[in-house]
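Structure first, commentary second.
Protein chains in written order, with our numbering: chain P, 2 to 272; chain S, 19 to 321; chain W, 1200 to 1576.
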């Protein structure tokens, strides 16, 4: 039921202001990263790319970037694999304890991260595990899996179980069915899950801060640089690159997700 | 069917080997990798933290005898008590502000989004996924003494001297967190609005309800699960936020997470840190329960 | 030779599928209870029943998607216990059609052939032939998710038939189509089955569909087969009231003074007088018993015919029209008869020269021998 025209346009205005405020803090970072001033403040004084050039020869940053990449790829891959298991179980089977199992798996979504971080820290140090990229990956996996599941469940829900039965009926083995029907049909959701979990891992700070030891990821590196006021413009330049990367990855994830949606909808409809 | 499935599960459990072939067995088998992972890396460590909170620390050695003195410290020492209350206050404020501001947006997307619902959701969620640390940093730049907001307002002549309360204050923490969690509040509200059968509203109109009455008697009660979810989904994680208070909170904006971090860092008193963490969780869960009860009381009144 | 063989000479006496003592439980719920049926080679066999009667479960067991808890299924003399769907000589047309959306029509049809490694030319010609069979020639490049309901159904059919199965299983294949298309496809499926000559097993809840297409029908209720017979027999000689009711309208009337012998009976029905009929109930003392008690007999509404003014007949019953439902080609008259508690319904054909019979008019009607049947309750 629609509002009257006048109310609709004021609602629309509100939404535009809301979205603008949502974006201003994000957009300020690239704006100041091109500003020819050592402190980020208005008015802007002139265009420069020197803060970006300053990043080029920065070995510590490159190491951090490399670390982030490794962590992100591992977390994305493993999270998608675990996500596929969970999404399949949740959409395909009815079983006792399903709610409990899914609640436990999804819990990291709303747990305060600091609590996840310290409990992992205590256990990992307790069993004598050296803090490293591996510990960061293990932590990130915990928070990426719920997002992967959310993305993948949409894919599985649009997936008619008789597709797999049809494949078996036509003579294909279980493995062949997985390869020729299940995975290709889920491909868009899988890609979306990979991209989303990679982005989350790339952006994640608190777990990485507690668990990375001497191998910082990019956000941990940025955190370290914040102590030095003089480094702020460089941080903003690095931040802009990160935001751009996230934006690109998320756009691709969204496109993949839409593709999945389209596939499943027209696949499940009659006429 | 659920009864028969349950019965099937029970029966299969008895017969053991055929359990893995049954639907329940297949389900458990399939979900076990992520489930075991969560048990091992979430439930396990949380149990360890809870155990830790009942121990005590003497220099570098942990004394494993049961004690409540960490909780005594966490709940009675003014510094921790104040931090807990402030964290709770901040996260309640954040969740209420976020949900109130987010509701019209979710409503707009659901009722007026048309073909572009997906695009709207994408646009709204993108800032949430990118640059957690950098967005907080950006707020520091905006809210600072010589920051963007003060600068703009000064040059426009709206204020004659910079506002000092903007940065390094409780309100700075609330603003920054409300911004960070906006998308998280919109999504559950949107989902519950989407589930409302539009003919219900037409029926209410047909029975003589004005827009405002329909909104209060149909839309809000039916969107209540989403509103509740949004409140909790913002309340629970924000209570433990660590970076926002550290960057924009100043002395007045310090939250419990900062104190927890100190116990696991510099102060190195794990049991006390653990007790602080557990207390925080328990209090925030109680708060969450209270909110749910309040909202459902409200729902009765709206009917 | 029996009746269905007279109509369809392809049917042999050989059992293509033997289902014996099959039982299926889901927990405490019994989906199939001791089901026994032989389905012949070349036969168009339908499993008919309301939802939840076990018909789909039985079909899925034949296809290998479910295993019975007890009993056995053999196809072409091979026992099927533990044999997965991919190794069975059956193919299925799914209710949702399950057309792979990421493949085009030709790829969908060729899906099962790929594993047989036939070589490009052989594979291509078989796909072409299958598409011709279902009249989809030229649509091979269309993607699976760009097809109409009718086209999807044809692709599903072609995809199954190209595998040259011994048995084709059809799970409510027409339920997603609109009425007109459904009637067209009934004819087409029937033709296709005659032409190919393999066994078709159709699951449906639509009695007209089953009657129109099948050589034999098994009517199922609550996990049991109530009756297996040819369409005419199952319609005209239902063994129980439940079967009679499911297959179409039936008037149930109280009778007294029953004398039955050798499958026939005599009885008295209030308002109708002394009537004769057939005993269809099986395995009960009804077959050759006399009874003073009240019994329920059945007669189909279209077996009663309104008499014109002045028309003479051997048996005449009179009553009052209390309601009428015009349904296009026929009109359903609701008629009250003196001495009968419930009104009965009479189907009048609106053919050439038919007159409207208004409510409240007095009517006389007649019925023929053997129109009444004595079923089990």
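Just so it is clear, CB atoms sit at the ideal spot from N, CA and C, and this is done for glycine as well.
Just so we're clear, the structure is a prediction, and the values are computed from it rather than from any experiment.
Label residue i either buried or exposed according to how many other C-beta atoms from any shown protein chain fall within 10 Å of its C-beta, with 16 as the threshold for buried.
i: residue 62 of chain P; result: buried
i: residue 1521 of chain W; result: exposed
i: residue 268 of chain P; result: The predicted model places residue 268 of chain P with a pLDDT of 43, which falls under 50 and marks its position as unreliable; any figure quoted below should be read in that light. Residue 268 of chain P is buried by the Cβ-count criterion.
i: residue 1254 of chain W; result: buried
i: residue 1457 of chain W; result: buried
i: residue 1200 of chain W; result: Only weak support is given to the placement of residue 1200 of chain W: the predicted model assigns it a pLDDT of 48, under 50, and the value that follows is read from those uncertain coordinates. Residue 1200 of chain W should be labelled exposed.
i: residue 279 of chain S; result: buried
i: residue 32 of chain S; result: With a pLDDT of 45 at residue 32 of chain S, under the threshold of 50, the predicted position of this residue should be treated as unreliable, though the coordinate-derived value follows. With fewer than 16 Cβ atoms within 10 Å of its Cβ, residue 32 of chain S is classed as exposed.
i: residue 1561 of chain W; result: exposed
i: residue 1573 of chain W; result: buried
i: residue 199 of chain S; result: buried
i: residue 1384 of chain W; result: buried
i: residue 308 of chain P; result: Outside the displayed span of chain P (2 to 272) sits residue 308 of chain P, for which this structure offers no information.
i: residue 274 of chain P; result: Because chain P in this structure spans residues 2 to 272, residue 274 of chain P falls outside the shown range and cannot be described.
i: residue 293 of chain S; result: buried
i: residue 136 of chain P; result: buried
i: residue 303 of chain S; result: exposed
i: residue 138 of chain S; result: buried
Measuring alpha carbon to alpha carbon, tell me which of the options ends up nearest residue i.
i: residue 119 of chain P; options: S/260, S/87 and S/49; result: S/260
i: residue 1363 of chain W; options: W/1401, W/1432 and W/1289; result: W/1289
i: residue 201 of chain P; options: P/245, P/240, P/165 and P/145; result: P/145
i: residue 214 of chain P; options: P/261, P/121 and P/263; result: P/121
i: residue 207 of chain S; options: S/120, S/80 and S/59; result: S/120
i: residue 30 of chain P; options: P/45, P/257 and P/165; result: P/45
i: residue 112 of chain P; options: S/297, S/257, S/178 and S/264; result: S/257
i: residue 1374 of chain W; options: W/1401, W/1367 and W/1390; result: W/1401
i: residue 1390 of chain W; options: W/1447, W/1414, W/1222 and W/1250; result: W/1414
i: residue 322 of chain S; options: S/265, S/307 and S/290; result: Outside the displayed span of chain S (19 to 321) sits residue 322 of chain S, for which this structure offers no information.
i: residue 1281 of chain W; options: W/1359, W/1248, W/1266 and W/1236; result: W/1266
i: residue 93 of chain S; options: S/201, S/217 and S/298; result: S/298
i: residue 1368 of chain W; options: W/1353, W/1399 and W/1358; result: W/1399
i: residue 1543 of chain W; options: W/1466, W/1497 and W/1273; result: W/1497
i: residue 233 of chain P; options: S/41, S/108, S/196 and S/159; result: S/159
i: residue 129 of chain S; options: S/180, S/82, S/216 and S/63; result: S/216
i: residue 227 of chain P; options: S/250, S/283, S/180 and S/156; result: S/156
State the beta-bridge partners of residue i as determined by DSSP.
i: residue 1370 of chain W; result: W/1402
i: residue 1561 of chain W; result: W/1519
i: residue 1278 of chain W; result: W/1273
i: residue 1455 of chain W; result: W/1467
i: residue 1573 of chain W; result: W/1478 and W/1496
i: residue 1289 of chain W; result: W/1366
i: residue 1421 of chain W; result: Partner(s): none; residue 1421 of chain W has no beta bridge.
i: residue 241 of chain S; result: Bridge partners of residue 241 of chain S: none, in fact.
Got a sec, what are the start and stop residues for the beta strand (DSSP E) residue i sits in?
i: residue 1531 of chain W; result: 1529-1535
i: residue 1518 of chain W; result: 1516-1525
i: residue 1495 of chain W; result: 1494-1498
i: residue 1232 of chain W; result: 1228-1239
i: residue 159 of chain P; result: It is not in any beta strand (DSSP E) - residue 159 of chain P carries neither H nor E in the DSSP assignment.
i: residue 176 of chain S; result: From DSSP, residue 176 of chain S is part of no beta strand (DSSP E); its letter is neither H nor E.
i: residue 1441 of chain W; result: Per DSSP, residue 1441 of chain W belongs to no beta strand (DSSP E); it is in the alpha helix (DSSP H), 1440-1446.
i: residue 228 of chain S; result: No beta strand (DSSP E) contains residue 228 of chain S, which DSSP labels as neither H nor E.
i: residue 1247 of chain W; result: 1243-1247
i: residue 1547 of chain W; result: 1543-1548
Hey, could you find the ends of the alpha helix (DSSP H) residue i is sitting in?
i: residue 140 of chain S; result: 135-147
i: residue 188 of chain S; result: 188-198
i: residue 54 of chain P; result: 51-57
i: residue 1220 of chain W; result: First-last for residue 1220 of chain W: 1214-1225, but that is the beta strand (DSSP E), not the alpha helix (DSSP H).
i: residue 74 of chain P; result: 60-93
i: residue 1259 of chain W; result: 1254-1262
i: residue 201 of chain P; result: 184-204
i: residue 151 of chain S; result: 150-161
_alpha helix (DSSP H) runs wholly inside the region 42-109 of chain S, at least 4 long, in chain order_ = 62-70 and 87-94
*What residue ranges within the region 1316-1397 of chain W form continuous alpha helix (DSSP H) runs of no fewer than 4 residues, ordered along the chain?*
1319-1332, 1348-1360 and 1378-1395
*Taking the runs of the alpha helix (DSSP H) that are 4 residues or longer, which of them lie wholly in the region 107-172 of chain P?*
114-127, 134-158 and 163-170
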